[in-house]
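Comments concern the structure below.
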Amino acid sequence: MEQTNTIQHILDREKIMVIDGSMSTALENLGADLNSKLWTAKALEVAPNLVKQVHLDYFRAGADCGITCSYQATIPGLMNSGCTREEAERLIARSVEIFKEAREEWWKEEGEKAGRDWPLCLAGIGPYGAYLADGSEYTGKYGVSDEVLDGFHRRRMEILHEAGADILLIETQPSLHEALLAAGIAEELGADYWISFSCRDGKHINEGDLIRDCAKAFSVGHPHLKMIGVNCSKPEYIESLVREIAAGLEEVRQETGSPEAASIPIGVYPNSGEEYDAVTKTWHGAGDGKDFGEYALLYMKAGADAVGGCCTTVQKHVRQVVEARKQFLAEGSPRRIRP
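According to numbering that gives the first Met the number 0, the stretch in the sequence shown is residues 0 to 338, in order.
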């Protein structure tokens, strides 16, 4: 029988959960050509062995969980690229299967003997703008109806859940409205999920809402929500964003008297610090020179429960997060007070 694990079990055991890094940069480093509207989803069809290798490399680097290669794998996107609907749905499910194959292989070869945690499978679910591939995933300005958004998200989420993902990772969300809609689908499915916003500064998500207000919106009435946080944002914004999320959750706890709100874990996985050009679809420019591990330690001290990397982060960044966790725990650093 396949093993199981939960976010809470990992947090109880490790105190901080280490998330993996970028799928795209890791694939390119292995020689994958991602020059396509499908981006990483292209590899599901033409290079599944490389996708599996990325997962293996991240487990070996110390990740306690991993994100499937499904961020850009959408039914309309795959069909526009020549797949039948059946083929598109099969490729989406395949993203979870590849993860599970890598997990099982790593566990038998290394993980169990090393006393590691059974890695959680996070099914990456990008926003509607990621399918458009026009940069609108960083603005949330789509101009489409809720019916269109529901039709876009629902079947993919069903497939990923049915394929055996532990968590539906509704990530890089620029819009509170879209995030709430996708969360509603997950609740209907009875699927555990994680909401992760993309942010334009230390207080606001990309569409403009305060991250504090977003945290409040998810603080109660979402029983299957297992984590909330931020990804695909500049590393220098994350410390503030963690504190803002925690403050929003605490405000609701004080207003309602319910411990449910402030007990929601916070997960963050920012970019390495480079700037994305939506026209050329490339990354350029350096960050402020701060080591990714230094940032990770700051996030943990601010109250983050899970830390990893997004665009342009690779195995070395995950190893830095692992080292930051060791330092954080060795210092006995104060944690966010939970009721």
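Idealized CB from N, CA, C, for every residue including glycine.
The structure displayed is predicted, hence computed values, not measured ones.
Check, Outcome
"Status (buried if at least 16 other CB within 10 Å, exposed otherwise) for Q2", "exposed"
"Residues near E161 by beta carbon distance below 8 Å, same chain, minus five either side", "A92"
"Residue from Y57, I74, R324 whose Cα sits closest to the Cα of I66", "Y57"
"CB contact flag (V306, A295, <8 Å)", "yes"
"Collapsed DSSP secondary structure at V313 in the structure displayed", "coil"
"Beta-carbon contacts of C198 that lie in its chain and below 7 Å, excluding the five residues immediately before and after", "I204, N205, I210, V229, S232, Y236, L240"
"First and last residue of the uninterrupted beta strand (DSSP E) at S195", "192 to 196"
"R266 and S195 closer than 8 Å at C-beta", "Going by the sequence as given, residue 266 is Gly instead of Arg. For G266 and S195, yes; Cβs fall inside 8 Å."
"Distance between A216 and P338 (C-alpha atoms, nearest Å)", "Note that P338 has pLDDT 37, beneath the 50 cutoff, so the model's placement of it is unreliable and the number below is only indicative. Roughly 19 Å separates the two Cα atoms."
"Buried or exposed by the 16-neighbour rule on C-beta atoms within 10 Å, applied to D304", "buried"
"3-residue-minimum beta strand (DSSP E) runs that sit fully inside the stretch 123 to 206, ordered along the chain", "166 to 172, 192 to 196"
"Proximal residues to W38 (C-beta, below 6 Å), its chain only, five neighbours per side dropped", "Q71"
"Contiguous alpha helix (DSSP H) assignments of at least 4 residues, all confined to the stretch 69 to 116", "74 to 79, 84 to 105"
"At least 3 beta-carbon pairs within less than 8 Å: the stretch 184 to 192 vs the stretch 150 to 170", "yes"
"Buried or exposed by the 16-neighbour rule on C-beta atoms within 10 Å, applied to G331", "exposed"
"Exposure label - S69; buried when at least 16 CB within 10 Å", "buried"
"N28: first and last residue of the uninterrupted alpha helix (DSSP H) it sits in", "22 to 28"
"Assigned secondary structure, N48 (DSSP; H/G/I helix, E/B strand, else coil)", "helix"
"Where I210 falls: helix, strand or coil (DSSP)", "helix"
"Three-way DSSP call (helix, strand, coil) for R337 in this model", "Note that R337 scores 44 on pLDDT, short of 50, meaning its location in the model is unreliable and no value can be drawn from it."
"Sub-8 Å separation of G302 and S271 beta-carbons", "no"
"Through-space distance from F327 to M299, alpha-carbon basis", "7 Å"
"Proximity of I97 and K51 at Cβ, strictly below 8 Å", "yes"
"Chain B contact for T73 (CB, 8 Å cutoff)", "Considering every chain present, this structure includes no chain B. It has just one protein chain."
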